[in-house]
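Novice:
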Amino acid sequence: MNLLSTAALALAMSTDAFAAAIGKGTALQKPRWSEALRTGLIFGVIEAITPLIGWALGLAAASYVKQWDHWIAFVLLGVLGVRMVMAGFKPDEEEEAEKPNRHSFWVLAITGFATSIDAMAVGVGLAFLDVSILPVALTIGCATFAMVTLGVMVGRVLGNVAGKRAEMLGGLLLIGIGSAILFEHLSGAG
């Protein structure tokens, strides 16, 4: 795999995490760069590990991962998205009081895992090729770190401009990502 292919793969693997990060940024009360970097690090590490797991599973788990990855991502992203949409319906006085300054590690880890299941499947696919998985996984992780960090800060801007509607939009975006993953796999495009 050449450098251009690796970069394109890394960018493709990080786009859904970027969209999820925008939602996470809108759900926070004015996130700072430190929170954006923390979120990017959590997502980036998970996104770098999942292709390694997929690589290690290789042929033995390829059919299992391929059969269920889209359902797992759909359910996890859907549940998180519905929570965000429901939070957007709360009255304004409740919204600012309940908006956290940072997300819990577990909320970020679950979202990061949900958006990285496709990277695990890519790792399985790369096991069949003569590809050095470590540089590819590291590139995917670094691209995701950068995209998610930027996404949280974009979410901050959207949150300031659109208020609680931005959180609802972020939730709908997560639901949309999960639905697109499911549709892609069920329609045979994935």
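Residue 93 is where the sequence shown starts when you use the numbering used here, and the numbers rise one by one after that. For every residue, glycine included, the Cβ atom is placed at its ideal position computed from N, Cα and C.
Helix or strand or just coil, what does DSSP make of V223?
Specialist: coil
Novice: Which residue from S97, L95, T118 puts its Cα closest to that of L264?
Specialist: T118
Novice: Skipping 5 residues on each side, what residues in its chain have a beta carbon closer than 6 angstroms to that of P227?
Specialist: none
Novice: Within 10 angstroms of its Cβ, does G204 collect 16 or more other Cβ (buried), or is it exposed?
Specialist: buried
Novice: Spell out a yes or no on whether the segment 267-276 and the segment 236-252 are touching, meaning 3 or more CB-CB pairs, one atom from each, closer than 8 angstroms.
Specialist: no
Novice: Do A229 and L95 have their CB atoms nearer than 8 angstroms?
Specialist: no
Novice: Ends of the alpha helix (DSSP H) at F181?
Specialist: No alpha helix (DSSP H) contains F181, which DSSP labels as neither H nor E.
Novice: Report the rounded CA-to-CA distance for I267 versus S126, giving the unit in angstroms.
Specialist: 27 angstroms
Novice: Sort L261, F197, M178, A148 by Cα distance to A211 and report the nearest one.
Specialist: A148
Novice: Flag this pair as yes or no: are the beta carbons of F135 and F197 separated by less than 8 angstroms?
Specialist: In this structure, F135 lies away from F197, with their beta-carbon atoms at least 8 angstroms apart.
Novice: Does E187 come out as helix, strand or coil in the three-state DSSP assignment?
Specialist: Any reading at E187 must be qualified, since the residue scores a pLDDT of 48, below 50, and its modelled position is unreliable; no value is offered.
Novice: Going by beta-carbon coordinates alone, are G146 and A213 separated by less than 8 angstroms?
Specialist: Going by C-beta atoms, G146 is nearer than 8 angstroms to A213.
Novice: Whose C-beta lies closer than 6 angstroms to the C-beta of A104 among residues of the same chain, with five residues either side of it excluded?
Specialist: none
Novice: Please check the pair S208 and T107, which I expect to be a contact at CB under 8 angstroms, by giving their CB distance rounded to whole angstroms.
Specialist: Not really, about 12 angstroms apart at Cβ, beyond 8 angstroms.
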